[in-house]
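Under UniProt numbering, the final residue of the sequence shown carries the number 156; numbering is consecutive throughout.
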Amino acid sequence: MDCPRCGSINYRKDGFVISRQRSPCKECRYLYTVAKKSDVKSTVIRRMVLELYLEGCGFRTIGRLLQISYGMVYAWIKKWGLKRICPRRKQELHLWNSMRCIRILVQTNYSWIWIAVDRLGKRFVGFVSVDRSTQTVLKLGEEIKHIPVSFYCWDY
């Protein structure tokens, strides 16, 4: 935790501000806080979560392997699916639709997640989380209609 102003490693602890350690530099007397919270996971772990999920591991299995909450795994995968932040390819795709059922513990109904995945590029192409109806699949089809697909597979 070097001083952001002078780069010195001589500092002392000086309390907390919004759950972050505050430190004054002993050389330039600059008062600074830790830049990153300690509970934030690195991008390497987040990428590993995505790769494990694309290989077929479940949310709880990934959580146990990487020692993180399975709810956090679900949230990251949902965010990646909605934003489609993985790098794009210009080649033709082999698309795999994954229909997964997740039971919501608060309610007694089920929520179905349809995920369109490029198996060769190991990336999300589309994502819909509503129900198991034909309209949901058509909604996913509308999202990915601009991508040339050579064949479809389903895992159920």
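Glycine is no exception: its CB is placed at the ideal position from the N, C-alpha and C atoms. The structure displayed is predicted, hence computed values, not measured ones.
Within 10 Å of its beta-carbon, does residue i have 16 or more other beta-carbons around it, so buried, or fewer, so exposed?
{"i": "Cys-25", "result": "buried"}
{"i": "Leu-31", "result": "exposed"}
{"i": "Val-44", "result": "exposed"}
{"i": "Ile-102", "result": "At Ile-102 the pLDDT is 44, less than 50, meaning the model places this residue with poor confidence; the figure from the coordinates comes in the next sentence. Classification for Ile-102: exposed."}
{"i": "Cys-3", "result": "buried"}
{"i": "Ala-116", "result": "buried"}
{"i": "Val-40", "result": "exposed"}
{"i": "Leu-120", "result": "exposed"}
{"i": "Leu-138", "result": "exposed"}
For residue i, collect the residues of the same chain with a Cβ closer than 8 angstroms to its Cβ; drop the 5 residues on either side in sequence, then sort them by chain order.
{"i": "Phe-16", "result": "Arg-22"}
{"i": "Tyr-11", "result": "Met-1, Cys-3, Ser-23, Pro-24, Cys-25, Lys-26"}
Skipping 5 residues on each side, what residues in its chain have a beta carbon closer than 6 angstroms to that of residue i?
{"i": "Ile-9", "result": "Asp-2"}
{"i": "Ile-77", "result": "Tyr-53"}
{"i": "Ile-62", "result": "Val-49, Leu-52, Val-73"}
For residue i, which residues does DSSP report across the bridge?
{"i": "Tyr-22", "result": "In the sequence as displayed, the identity of residue 22 is Arg instead of Tyr. For Arg-22, which the question treats as bridged, DSSP gives the partners Thr-33."}
{"i": "Phe-59", "result": "DSSP output for Phe-59 lists no bridge partner at all."}
{"i": "Val-17", "result": "Arg-20"}
{"i": "Tyr-11", "result": "Cys-25"}
Whose C-beta lies closer than 7 angstroms to the C-beta of residue i among residues of the same chain, with five residues either side of it excluded?
{"i": "Asp-131", "result": "Trp-112"}
{"i": "Glu-143", "result": "Gly-126"}
{"i": "Phe-59", "result": "Tyr-70, Val-73, Tyr-74"}
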